[in-house]
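J.: Quick one: structure below, then a few questions.
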Amino acid sequence: MVKKAKAQVTYAKMKGIVSYFTALMKDKKLGSSHSIYQQMDFLRPESGLSVDDGAAAICYSDLPRKEPQSQVSVADFDYLKVIGTGSFGKVFLAKYRENGTYYAVKVLQKDIILSRKEERQVMCEHRVLLKTLNHPFLVKLHFSFQTKDRLYLVLDYACGGELFYHLQREWVFGEPRARFYAAQVASALGYLHSLNIVYRDLKPENILLDSTGHVVLTDFGLCKEGVVGRSTTRTFCGTPQYLAPEVLQQKEYDRTVDWWGLGAVLHEMLYGLPPFYNADRLEMLKNIIYQPLVLKPGVSNAARDLLKRLLNRDRTKRLGAKRDLTELQSHSFFSSIQWDELLAKKIPPPFIPSLSGPGDLSNIDPRFTEIPVPQSLGACEEYGATFPGFTYIKENMTSLSAETRGH
Ligand code: ATP
């Protein structure tokens, strides 16, 4: 089914809203004096609350430069197309010259990171990528290296594209399809929680599909480490229409923000719009905080019940508050899911992206692929070390490199 013309929100519009708020939040690190608060009294932080608990950024440029030089460098890849954009730079489809493998290379501009004092967050994303190499629905890091001006994260290329891209073309997903994606995302979130990591930025753009139609959760740029059990944090970040009310209001929050995020994404998969949607963004934020959840007919009772429980404003009563993923797994909406089989990727995906090969770009929004690739990217740039600990090469790749490259 093609998305209906009467739809109020196009992919581009939604991306616009998302980018606006994400940039605002990342760029400005919203404080109570920020103009958004002047417009939105209802978002004013409670007195005495710190808006950013990650504010004491480490100044990496002051640290000693002991970074080992990676065996893999920018010049080992052909940068073919832009496949995504983010707040610190772009993501490229690139081909590893040595063996012809396609990767998604996320390139971050150091000057932007430093000017926004986001060194700590970037290193956090890197650490999370290293900690989570073994989950089937989390993107895998293969290499990371740096030049004087940029950081490079070489990731699996999820050639099935963004879930958002498919959703906007189909308007809504049927329940079996929504259930499959929601279950895979829930598994990934539960795994992160088991490592005391809160994902915090769940949105359909960060849920990608691999070539076989399984979920690949990407972008750990807003993860928070060290949130143990039911302990809480207060940083204001994430994407507004998927943000839990306690995050918007800068109250304490915990890992249950991710279950709210899952509820928001599931709502969008089933109804075509995030919950509490309003074309006026201030109204939408108000709605998230105050408006009762109205679930229209057209989806099953089990789905509506799950949405109600995930989108509970009281995080202590939200589904997942007590036993995390286990609580979701036993909800009737997921009763047909065999969780072990899901993890083993034995359940056939409900949709298989049509692809001509591993470097296929047909599921990537042309808005990205039309952006020119900077010529300078693949050039042998001056090596950099201002982000100690960033350089990484996957174990089996080390031996591959040593064997095949004579190092
Ligand atoms: P944001 O500012 O939204 O947090 P970011 O700078 O952290 O973004 P990502 O979200 O990691 O960047 O990537 C931006 C986009 O690039 C994603 O939404 C997705 O479309 C694309 N992308 C990222 N990683 C991959 C991947 N491994 N395979 C395919 N596409 C990817």
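Just so you know, we're using the working numbering here: the sequence shown kicks off at 299 and counts up by one.
Beta carbons: idealized from backbone N, C-alpha and C, even for Gly.
#1: Just how far apart, CA to CA, sit residue 686 and residue 449?
#2: Is residue 439 near the ligand ATP, going by C-beta to nearest heavy atom under 7 angstroms?
#3: Just how far apart, CA to CA, sit residue 492 and residue 377?
#4: Considering only C-alpha positions, which residue in the set 569, 444 and 576 is nearest to residue 602?
#5: Please state whether DSSP places residue 629 in a helix, a strand or coil.
#6: Between residue 564 and residue 476, is the Cβ-Cβ spacing less than 8 angstroms?
#7: Going straight from the alpha carbon of residue 567 to that of residue 666, what length do you get?
#8: Between residue 382 and the ligand ATP, is the CB less than 7 angstroms from at least one heavy atom?
#9: What number of angstroms, rounded off, separates the C-alpha of residue 552 from the C-alpha of residue 496?
#10: Looking at the strands, I want to know which residues DSSP matches up with residue 382.
#11: CB of residue 671 to nearest heavy atom of the ligand ATP: below 7 angstroms?
#12: Is there contact between the segment 499 to 506 and the segment 456 to 463, where contact requires at least three CB pairs shorter than 8 angstroms?
#13: For residue 472, does the count of other Cβ atoms within 10 angstroms reach 16, so buried, or fall short, so exposed?
#14: Measure the CB-CB distance between residue 486 and residue 436 and report whether it falls below 8 angstroms.
#15: Taking only heavy atoms of the ligand ATP into account, decide whether any of them is closer than 7 angstroms to the Cβ of residue 544.
#16: Does residue 400 pass the burial test, meaning 16 or more other C-beta atoms within 10 Å, or should it be called exposed?
#17: Report buried or exposed for residue 572, applying the criterion of at least 16 other Cβ atoms within 10 angstroms of its Cβ.
#18: Let's test the definition: count the other Cβ atoms within 10 Å of the Cβ of residue 588 and tell me whether it reaches 16, buried, or not, exposed.
#19: Work out the CA separation of residue 640 and residue 464 for me, nearest whole Å.
#20: Could one say the Cβ of residue 500 lies closer than 8 angstroms to chain E's Cβ atoms, at least one of them?
T.: On the basis of the supplied data:
#1: The straight-line gap from Cα to Cα measures roughly 11 angstroms.
#2: Incorrect: residue 439 has no Cβ contact closer than 7 angstroms to the ligand ATP.
#3: Each residue's Cα considered, the two are about 36 angstroms apart.
#4: Minimum Cα distance to residue 602 is reached at 569.
#5: Of the three classes helix, strand and coil, the one that applies to residue 629 here is coil, per DSSP.
#6: Taking C-beta atoms as the reference points, residue 564 and residue 476 count as a pair closer than 8 angstroms.
#7: Rounded to the nearest angstrom, the two C-alpha atoms are 23 angstroms apart.
#8: Yes.
#9: Residue 496 has its alpha-carbon roughly 8 angstroms from the corresponding atom of residue 552.
#10: For residue 382, the pairing in a beta bridge is given by DSSP as 389.
#11: Distances taken from the Cβ of residue 671 to the heavy atoms of the ligand ATP include none shorter than 7 angstroms.
#12: Because the criterion of three Cβ pairs below 8 angstroms is met, the segment 499 to 506 and the segment 456 to 463 touch.
#13: Its Cβ having fewer than 16 others within 10 Å, residue 472 is exposed.
#14: In contact: residue 486 and residue 436 (Cβ atoms closer than 8 angstroms).
#15: Relative to the ligand ATP, residue 544 has its C-beta separated by 7 angstroms or more from all heavy atoms.
#16: Its Cβ being crowded by 16 or more others within 10 Å, residue 400 is buried.
#17: Classification for residue 572: buried.
#18: Counting the other Cβ atoms within 10 Å of the Cβ of residue 588 gives fewer than 16, which makes it exposed.
#19: Roughly 21 angstroms between the two C-alpha positions.
#20: The structure shown contains no chain E, having only a single protein chain.
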